[in-house]
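Line order of the protein sequences matches chains H and L.
The end of the first sequence is residue 228 by the UniProt record's numbering, with every number in the run present.
The end of the second sequence is residue 228 by the UniProt record's numbering, with every number in the run present.
Note that the Cβ used here is the ideal one computed from N, Cα and C, for glycine as well.
Protein chains: 2
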Amino acid sequence: MSTWIRDAWIDPVKLTRLSDIRRKELRQAAFAVLEREGIAGATLEKVATQAGASKGIVLHYFRNKQELFEHAMREANAVLCNAVVARLKRARTPMERLDAVIEGNFEEHLFLPPLCHAWLSLCAEVPRDEKLARIQKVIHARMRSNLLSGLRFLASPEVAEEIVLGITALIDGLWLRLGLQPGSVSREQAVHQVKNYVAGRLAMRQPAPVRTGSARLSARGVGPPMGS
Amino acid sequence: MSTWIRDAWIDPVKLTRLSDIRRKELRQAAFAVLEREGIAGATLEKVATQAGASKGIVLHYFRNKQELFEHAMREANAVLCNAVVARLKRARTPMERLDAVIEGNFEEHLFLPPLCHAWLSLCAEVPRDEKLARIQKVIHARMRSNLLSGLRFLASPEVAEEIVLGITALIDGLWLRLGLQPGSVSREQAVHQVKNYVAGRLAMRQPAPVRTGSARLSARGVGPPMGS
DNA sequence: TCAACAATTGACCAATGGGACAATAATATG
DNA sequence: CATATTATTGTCCCATTGGTCAATTGTTGA
């Protein structure tokens, strides 16, 4: 409720300041409506009302409904992504990096049913919206990269890749569970669950040839590898 | 394309025979439309066309749109559930029961993007449809029960419960992955993934007091090898 | 102060959707 | 065969929706 405003103000460039603010307001409103109404019930009128504006204004800032919701998805993702990145910055060891990603994905002020509902509705549209699909792809790529940045040092490339799939699936699945039955899974449970998964997988003697000559640092701290 | 017809014919009760057939046709059509169009695009007209009938007939057999799609969800779930149950019948050991559930959830003629898309759309509506929520609850309860029927003998109740959550989340997550990026995960990969998860979890020395005096059978055919 | 420009609104429109219904065809029943 | 019941269609209605547009209201800057 405040983060984006900061961005707009601190930034010395004024450019289309007002325009940017409106757009942000609107995609937030769009997301809010999505939370309550789902994709089928998310009408331009409702979005406008939610934003305290008229319907016309929505189409003034976004070419059409699709575009609006595409931006809504970007926005939502950015928030979640920031949570992860912030934690990642503080991580020192590979294992800490892993935990950062995991915990970041269940930030308690984000791991909530409404957010999940909106996210679900958006996901359900991916197959019919090229743009949404692309965004999804980017999101997943970043997630993978974040996970790999820690996992690289903890498992062979093949196994790491496998664990990445496992972690992402687990995370998504836990979110889904939350959306389907609010209250059935707490943030702590979720984190616990994924961490246990990782522990279990890392403890297994790896079925494939473990040695591939790649990075060797062992789980202990490594410190500086953090780039951005 | 044949299963349901059998049910209707074999059953000695003729009652509203034709009516039942129509209803089944229609909820199947509804599901098919859902696969292509998503919840927002799934109109009564399209469902009728898909079923080769007129729009009126749809509302003749279902009170309204909601009811139609609720039945569509039941139908879809029944199919998936049957796959699991069939495998479960053949299972002999606890571990085999576990595998039955896992493999049944990724049956190759079911683990397909379109089916997933429809399922996703339905899930996205759960928060706004009391009936759908209830159905979901039932589905999950059965899944849990099925898993527990094997898991009971492989871990303490607490741990078993935890693993149930993990497995269901993983399964859902893998389905979601399939829907979001068709082709990014094969049936074999998915099964492999979940089985590895189970193996990893079962191999862990259990963090909580392991002894609860409960069932002891030590999964014949799998139990001990994993031990560290 | 006045024009140029952006923001914002509200009216309007054609298309569509869900649902009601009366009319018609089929089918069963006695 | 006549009648009651069920299946099916097509039409009609009204609310809603995405989207366009001209008109109005600030804002800014010279």
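Collapsed DSSP secondary structure at residue i in the structure displayed
i                           : result
threonine 168 of chain H    : helix
glutamine 181 of chain H    : coil
glutamate 158 of chain L    : helix
aspartate 129 of chain L    : coil
leucine 110 of chain L      : coil
phenylalanine 31 of chain L : helix
threonine 49 of chain L     : helix
serine 186 of chain L       : coil
phenylalanine 69 of chain H : helix
asparagine 77 of chain H    : helix
glycine 213 of chain H      : Interpretation of glycine 213 of chain H is limited by its pLDDT of 36, a score under 50 that renders its predicted location unreliable; the figure taken from the coordinates is listed afterwards. Of the three classes helix, strand and coil, the one that applies to glycine 213 of chain H here is coil, per DSSP.
alanine 118 of chain H      : helix
methionine 143 of chain L   : helix
alanine 91 of chain H       : coil
alanine 42 of chain H       : coil
serine 19 of chain L        : helix
serine 54 of chain L        : coil
asparagine 82 of chain H    : helix
asparagine 196 of chain H   : helix
arginine 152 of chain H     : coil
arginine 134 of chain H     : helix
arginine 63 of chain H      : coil
arginine 205 of chain L     : coil
Listed by chain order, chain L residues near residue i by CB distance under 8 Å
i                        : result
histidine 109 of chain H : Neighbours of histidine 109 of chain H on chain L: none; closest Cβ ~19 Å, over 8 Å.
cysteine 123 of chain H  : Leu120, Ala124, Leu176, Gly179, Leu180
alanine 40 of chain H    : Ile39, Ala40, Glu125
glycine 173 of chain H   : Thr168, Ala169, Leu170, Ile171, Asp172, Gly173, Leu174, Leu176
Option in the options with minimal Cα separation from residue i
i                        : options                                : result
leucine 110 of chain L   : L:Ala83, L:Arg87, L:Arg74              : L:Ala83
residue 249 of chain L   : L:Asn64, L:Arg87, L:Leu202, L:Phe31    : The displayed coordinates of chain L run from 1 to 228. Any statement about residue 249 of chain L would go beyond what the structure contains.
asparagine 64 of chain H : H:Val85, H:Cys81, H:Pro157, H:Leu44    : H:Leu44
lysine 137 of chain H    : L:Ser184, L:Trp119, L:Gln136           : L:Ser184
alanine 42 of chain L    : H:Arg128, H:Glu161, H:Glu158           : H:Arg128
leucine 115 of chain L   : L:Leu59, L:Ala160, L:Ala76             : L:Ala76
alanine 118 of chain H   : H:Arg142, H:Leu148, H:Val33            : H:Val33
valine 79 of chain H     : H:Ile139, H:Glu161, H:Gly173           : H:Ile139
methionine 95 of chain H : H:Arg152, H:Glu162, H:Leu165, H:Glu161 : H:Arg152
glutamine 66 of chain L  : L:Glu162, L:Glu130, L:Glu37            : L:Glu130
isoleucine 57 of chain L : L:Glu37, L:Arg23, L:Arg36              : L:Arg23
threonine 93 of chain L  : L:Leu148, L:Ala53, L:Ile135            : L:Leu148
arginine 205 of chain L  : L:Leu176, L:Ala160, L:Ala169           : L:Ala160
Close Cβ partners of residue i (< 6 Å) along its chain, the five nearest in sequence each way excluded
i                           : result
alanine 51 of chain H       : Glu25, Leu26, Ala29
glutamate 107 of chain L    : Ala83
lysine 55 of chain H        : Leu44, Glu45, Ala48
phenylalanine 62 of chain H : Leu68
arginine 144 of chain L     : Val164
Same chain only: Cβ atoms within 7 Å of residue i, ignoring 5 sequence neighbours per side
i                           : result
arginine 113 of chain L     : For the sequence presented, residue 113 of chain L should be read as proline rather than arginine. Closer than 7 Å at the Cβ level, and outside the excluded window around proline 113 of chain L, lie Leu178, Gly179, Pro182.
asparagine 146 of chain H   : Val84, Leu88, Val101
leucine 132 of chain H      : Glu70, Met73, Leu122, Glu125, Val126
arginine 187 of chain L     : Phe106, Glu108, Phe111
isoleucine 39 of chain L    : Ser121, Ala124, Glu125
glycine 104 of chain H      : Ala83, Val84, Arg87
leucine 174 of chain L      : Val185, Ala190, Gln193
glutamate 37 of chain L     : Lys46
phenylalanine 31 of chain L : Ala72, Glu75, Ala76, Ala118
Cβ-based neighbour list, residue i, same chain, cut-off 8 Å, excluding 5 preceding and 5 following
i                         : result
alanine 91 of chain H     : Arg97, Asp99, Ala100, Gly150, Met226
isoleucine 102 of chain L : Ile167, Ile171, Val191, Val194, Lys195, Val198
leucine 18 of chain H     : none
proline 12 of chain L     : A caution first: proline 12 of chain L carries a pLDDT of 35, below 50, which makes its placement in the model too unreliable to give a value.
arginine 142 of chain L   : Cys81
Partner residues on chain H for residue i, Cβ-Cβ distance less than 9 Å
i                        : result
valine 164 of chain L    : The premise fails here: valine 164 of chain L is roughly 11 Å from chain H at the closest Cβ pair, so nothing lies under 9 Å.
tyrosine 197 of chain L  : Gly166, Leu170, Tyr197, Gly200, Arg201
glutamine 193 of chain L : Glu162, Leu165, Gly166, Ala169
valine 185 of chain L    : Leu165, Ala169
Amino acids of chain L, ordered along the chain, whose beta-carbon sits closer than 9 Å to that of residue i
i                         : result
methionine 204 of chain H : Asn196, Ala199, Gly200, Ala203, Met226
valine 84 of chain H      : Going along chain L, no residue has its Cβ under 9 Å from valine 84 of chain H, so there is no contact; the nearest lies around 17 Å.
Contact set between residue i and chain H, taken where Cβ atoms lie within less than 7 Å
i                        : result
histidine 117 of chain L : Pro127
Within chain H, the residues that residue i reaches when beta carbons sit closer than 8 Å
i                     : result
lysine 137 of chain L : Gln181
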